[in-house]
Every structure is written in structure tokens, then in C-alpha cells.
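Engineer: The sequence shown stops at residue 103 when you use the numbering used here, and every number in between is there. Idealized CB from N, CA, C, for every residue including glycine.
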Amino acid sequence: MAIKLSTLNKYFVVDKLIFHSIDLSLYQLSAIIEGEEHYVSDESGALLRAFNLVELQKLAAKVNARETVLRHNSAYDEMIGGPEKIGQNTLEVPLSDNKL
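#1: Any contact between the segment 94 to 101 and the segment 34 to 44? By contact I mean 3 or more CB pairs, one from each, below 8 angstroms.
#2: Tell me the residue span of the beta strand (DSSP E) that contains Leu29.
#3: Once the 5 residues before and after Arg74 are set aside, which same chain residues still bring their CB inside 6 angstroms of it?
#4: Determine the burial state of Ser33: buried for a count of at least 16 other Cβ atoms within 10 Å of its Cβ, exposed for fewer.
#5: Find the nearest neighbour of Leu29 within the set Leu50, Phe54, Phe15 and Ile36, judged by alpha-carbon distance.
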């Protein structure tokens, strides 16, 4: 389910703001609100995407979040023909507010 950025800006506090590293230079944004993850869209309903992390951080600068992270899911094992993993291959790195 998606939530508009303008709606997200009106929330008092978002539990977690997640910047997804999709590809070499492609990022998307999601937010966890009351335990449920929502991808963030623009006013037309298209998911927010940026080719630069800082660009996406500027768009989300007004969102008040308890925690902000950069998340990357690696497909490396799948690409090299390795065995299927039981758990997820996810890396999350905390991001600080750069006052953008």
C-alpha cells in the first residue's frame, strides 16, 4: 500500500523512514507507521524514486521519524548460483539528519 508524501508530512511521528537502495543509483522511500510499511508516492500516486539519495532525503526532509535507515537487499547469492538462504540478505544502515 502507498501513502502520499503530503499525507506523511502531516503525521506527528513516523516509526521508521526507510530509503531503499534498489540498484546502483536508484532509491525508493517507505515508512513504517503503526507497524505497517507503506511505500511513499507523489500526488499523482507514482512511487517516489530518485537517482540520488540526497535528492530523496531533501523530499522527505519534513517527515518526522523516530528512526531513519538505508536498506539494501542483495541478490548476490542468487546471481552467482549460490544456495538459497533461509533468512533475508538485508543490510540496514542508520542515517542521520544532514539538515538538508
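Structural biologist: Once the coordinates are examined:
#1: no
#2: Leu29 to Ile36
#3: Ile21, His23 and Glu95
#4: buried
#5: Phe54
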